[in-house]
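**Student:** Dropping the structure in here first, questions after.
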Amino acid sequence: MVKIRLDEERARLLIQCIHPDHTRRFEMSIMEPLDEEAPRPKISFRSSARILTRSLRGAIMDAGLVSEQVKIEVTGDMLRMSAVGDIGSAISEWERDSDELLELKSEEDSGATFPLSYLRDIVNAAGASSEMATLELNTDMPISLDFELPQGRLVYYLAPCIGA
0 MVKIRLDEER
10 ARLLIQCIHP
20 DHTRRFEMSI
30 MEPLDEEAPR
40 PKISFRSSAR
50 ILTRSLRGAI
60 MDAGLVSEQV
70 KIEVTGDMLR
80 MSAVGDIGSA
90 ISEWERDSDE
100 LLELKSEEDS
110 GATFPLSYLR
120 DIVNAAGASS
130 EMATLELNTD
140 MPISLDFELP
150 QGRLVYYLAP
160 CIGA
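Just so it is clear: in the sequence shown, position 73 is 72 by this note's numbering, and no numbers are missing.
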């Protein structure tokens, strides 16, 4: 069972995932004033991928073993997440017909490198109550991470690493 509550007094979003054996709790700051909706950035995304959150989380964990950054790319009929560090590299790839990759759209090849710490926090928090994530990206532009929730959706925008 998932409980989501907004603590307006503390400007925090509280997410609680109750499992038979344990409970997980996440608290996230609300950055914008609660009485006005923040406008979405005006970005025309060229590529998108809809993927199982558990698969996305696994790829992020793998990347974290070797690096502090992860490159996310949509090329042709594939979604690829890759990381390179001093001790080695990690690559996760999903072909268009993969059972874990539910949808893939691409007007052109797109890719950018993102800080793993922020991406990990976003996917762990939102992924606790969402089975699917939609990634939208362009080359060297912010990525949109859209998580479908029982009570709505959570959308994050994350800027790419500069000079990566």
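The beta carbon of each residue, even a glycine, is placed where N, CA and C say it ideally should be.
#1: Could you check where the beta strand (DSSP E) with Asp6 kicks off and where it finishes?
#2: Can the beta-carbon of Gly63 be found closer than 8 Å to that of Leu115?
#3: Counting beta carbon pairs with one atom in the region 100-119 and one in the region 37-54, are three or more of them shorter than 8 Å?
#4: According to DSSP, which residues form a beta bridge with Gly110?
#5: Measuring alpha carbon to alpha carbon, tell me which residue in Asp85, Ser66, Asp96 is nearest Met77.
#6: Would you kindly report the start and end of the unbroken beta strand (DSSP E) that includes Gly162?
#7: Taking C-beta to C-beta, are Ile14 and Ile3 nearer than 8 Å?
#8: Do Ile59 and Leu134 have their C-beta atoms closer together than 8 Å?
#9: On a CA-only basis, which of Glu92, Arg56, Pro38 is nearest Met80? Give me that one, please.
#10: Check for me: the alpha helix (DSSP H) holding Ser97 runs from which residue to which?
#11: Helix or strand or just coil, what does DSSP make of Ala10?
#12: List in chain order: all unbroken beta strand (DSSP E) runs of 3+ residues lying wholly within the region 22-63.
#13: Going by alpha carbons, who is nearest to Arg119 out of Pro149, Ile42, Ala89, Gln68?
**Tutor:** According to the structure data:
#1: 1-6
#2: yes
#3: yes
#4: Glu72
#5: Asp96
#6: Unbroken run through Gly162: none, as it is neither H nor E.
#7: yes
#8: no
#9: Glu92
#10: No alpha helix (DSSP H) holds Ser97; DSSP gives it neither H nor E.
#11: coil
#12: 22-28, 46-51
#13: Gln68
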